[in-house]
Amino acid sequence: MGKTIIISNRLPVQLQISNGDITAIPSVGGLATGMKSVHSGGDSLWIGWSGLTDEEIPKALAPKIDKALSEHGSSKVNLTADEVDGFYFGFSNRTIWPLFHYFLEYSEFELDNWNIYKQVNQKFADAILKVANDDDIIWVHDYQLMLVPQMVREKKPNISIGFFLHIPFPSFEIFRTLPWREEILEGLLGSDLIGFHTYDYERHFLSSVRRLLGLEVSFNDIHMDERVIKVDSFPMGIDYKKFSEAALKNQNTPPGEQSELQRRLYKHKKTDPDAKFFLSIDRLDYTKGIAKRLNAFEYFLNKYPQYKEKVRLIILAVPSRSNVPQYQLLKREIDELVGRINGEFSTVSWTPIWYFYRSMPFENLIDLYTTCDIAWLTPIRDGMNLVAKEYIATRTDRTGVLILSEMAGSANEMNEAILINPNNFEQTADALNQAITMPVEEQQERNRVLQKRLERYNVEKWANDFMGSLLDQKEKDFSHVAR
Ligand code: GDG
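354 is the number that this note's numbering gives to position 358 of the sequence shown; each next residue is one higher, with no gaps.
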């Protein structure tokens, strides 16, 4: 077996330019952590965009950048500002992202953006082809790079290629509206293994392959020319240990060393032990249902007025894709809703919503997870939703209630949470009431089961399962050829 090549839109390191020098800092996100077992020390390379456009990189620093990246086993694909615009903000985030999350009305079908998407996918494929040997294993990530598998396959017919989609794959009726639907499917089918978070996404994909390309599908194998492509679900987990250990450390922090946020949260809890904190954390994205959650909160306060001055909703909305118009509109809508609800219900001693529009350091994220009694995570559509898993992992005494949307991929593995339809305000308000009044023993029993599952199916297991399955597929292919 040769080396492993991982390829994703962004690299697992961030470049920082200061005083004419450059440093590469490893990212701490879920994907980077999960891939550690696949991409650490050994013979592996991660290819992706650095986050800086060609125009932003000072010429003199270019060789230094390559060196800094190679120290982290990474190599960059160069993109111009126009390419980032058409490929990333354009086709990826204004066509595929809304369409695959069932926001058909937000999806723009611009030929120019599609052409740039193809051109940039070819750049990524070329970056692989420059370094790949026939016995290497390639793992392509996510919706920005769906054409890459086929582009690599054309030049290297025997190489092993896996693809994992981090967002939902929509039903055939939605997917068929895409003008370039056949090209996208054919691009993906360059892989030997295609992975999704859930069985439903897998089924939707197979149905599109059958109906749009007329290919033979048996169980979860697709037969195409002389090749067999396997399609399977691999629900992504979290770095369970990292979150549970951070929570323990957080709770044992001496008062003098606590963060300002933690001190304030504890102070409120002390003043009114019956008060309840609801927690909402997402990137500011229309798929996450933040505006709906705010309207549902207002509905809840009217339906259960006994909780006025008792509950508090903490919203952390992380800035995201803020140059896409839909995101700007949503930001305005959320600002207004928070202002209106706080204006309507606040008293001299109580503000119902605390709203943070920013990204917080990891330690503050843990402050929020460990102090909030109820996590209210109700996306309208979400590939998985890792925040739900992280919240449960930090509940070291097993108290805490998770209210989760049925439309999040994670709902499939988190049946012990209170699962709701985010469009149903009546059900949402009742779920909040149920969460507030849930006996501690019941909370602990539900979380005990959830924690056991999350600890076992952690992100490392996810990465290893995917790689294992890809290797099996390759072996099957070889035995098929030998026959
Ligand atoms: C895509 C899919 C799928 C959030 N705020 C802060 C912060 N975070 C971290 C969380 C979590 C991650 O960001 C968010 O992950 P999600 O899974 O919830 O959502 P997406 O960003 O939309 O991710 C999604 C995922 O890919 C994986 O396949 O689950 O469905 O949409 O890890 O902890 N981290 C810090 N500060 C913050 O303010 N440090």
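Quick reminder that beta carbons are idealized off the backbone N, C-alpha and C, glycines included.
DSSP on threonine 392, reduced to helix/strand/coil? coil
So, helix, strand or coil for methionine 220, using DSSP? strand
Could you tell me if glutamate 409 is buried or exposed, where buried requires 16 or more neighbouring beta carbons within 10 angstroms of its beta carbon? buried
So, using beta-carbon positions, are isoleucine 480 and aspartate 138 closer together than 7 Å? In the structure displayed, the chain extends from -3 to 479; residue 480 sits before or after that span and is not available.
Please confirm whether any heavy atom of ligand 1 lies closer than 6 Å to the CB of leucine 361. yes
Does DSSP classify proline 22 as helix, strand or coil? strand
Cβ of phenylalanine 230 within 7 Å of Cβ of aspartate 468? no
Cβ of leucine 382 versus every heavy atom of ligand 1: is any distance shorter than 6 Å? yes
Nearest to lysine 266 by CA position, among Phe105, Lys306 and Arg289, is which residue? Lys306
Cβ neighbour criterion (16 or more within 10 Å) applied to glutamine 302: exposed
Residues in the same chain with beta-carbon distance under 6 Å from histidine 162, minus the five sequence neighbours each way, listed in chain order, please. Asp138 and Gly379
For aspartate 39, does the count of other Cβ atoms within 10 angstroms reach 16, so buried, or fall short, so exposed? exposed
So for asparagine 443, helix, strand or coil by DSSP? helix
What I want to know is whether the C-beta of arginine 289 ends up closer than 6 Å to one or more non-hydrogen atoms of ligand 1. no
Buried or exposed by the 16-neighbour rule on C-beta atoms within 10 Å, applied to lysine 448: exposed
Proximity winner among Thr392, Ile155, Tyr197 and Asn298, relative to asparagine 429 (alpha-carbon distances): Asn298
Expected contact under 8 Å - CB spacing of lysine 60 and isoleucine 18 to nearest Å: 5 Å
Using 10 angstroms around the beta-carbon of lysine 452, count the other beta-carbons present and answer buried if the total reaches 16, otherwise exposed. It should be pointed out that residue 452 corresponds to arginine in this sequence rather than to lysine. Exposed: under 16 other Cβ atoms inside 10 Å.
Between the alpha carbons of threonine 283 and leucine 309, how many angstroms are there, rounded? 19 Å
So who's on the other strand from glutamine 10, going by DSSP bridges? Ile21
Could you check if phenylalanine 358 belongs to the surroundings of ligand 1, using beta carbon to heavy atom distance under 6 Å? yes
Out of Trp176, Ser240 and Thr424, which one is the CA nearest neighbour of glutamate 106? Trp176
Taking only runs that begin and end inside the region 303 to 383, name each unbroken beta strand (DSSP E) of 3 or more residues, in chain order. 307 to 314, 349 to 353 and 370 to 373
Consult DSSP for leucine 275 and reduce its assignment to one of helix, strand or coil. strand
Quick check: the Cα distance between threonine 91 and leucine 466, rounded to an integer number of angstroms? 29 Å
C-alpha distance - lysine 126 paired with lysine 457, whole-angstrom precision: 30 Å
Give me, in chain order, the residues of the same chain whose beta-carbon lies closer than 6 Å to that of tyrosine 353; leave out the 5 immediate sequence neighbours on both sides. Ala313
Contacting residues, own chain, Cβ-Cβ under 6 Å from alanine 478 (five flanking each side not counted): Bear in mind that the predicted position of alanine 478 carries a pLDDT of just 47, short of 50, making it too unreliable to give a figure here.
Inter-stretch contact at 8 Å, needing at least 3 Cβ pairs: the region 135 to 149 / the region -1 to 9: yes
Quick one: Cα of alanine 292 to Cα of leucine 400, how far? 14 Å
Proximity winner among Val144, Asn420 and Thr366, relative to isoleucine 376 (alpha-carbon distances): Asn420
Proximity below 7 Å, CB of leucine 244 to CB of valine 205: no
Histidine 162 CB to nearest heavy atom of ligand 1 below 6 Å: yes
Arginine 279 Cβ short of 6 Å to ligand 1 heavy atom set: yes
Specify the secondary structure class of alanine 128 as computed by DSSP and reduced to three states. coil
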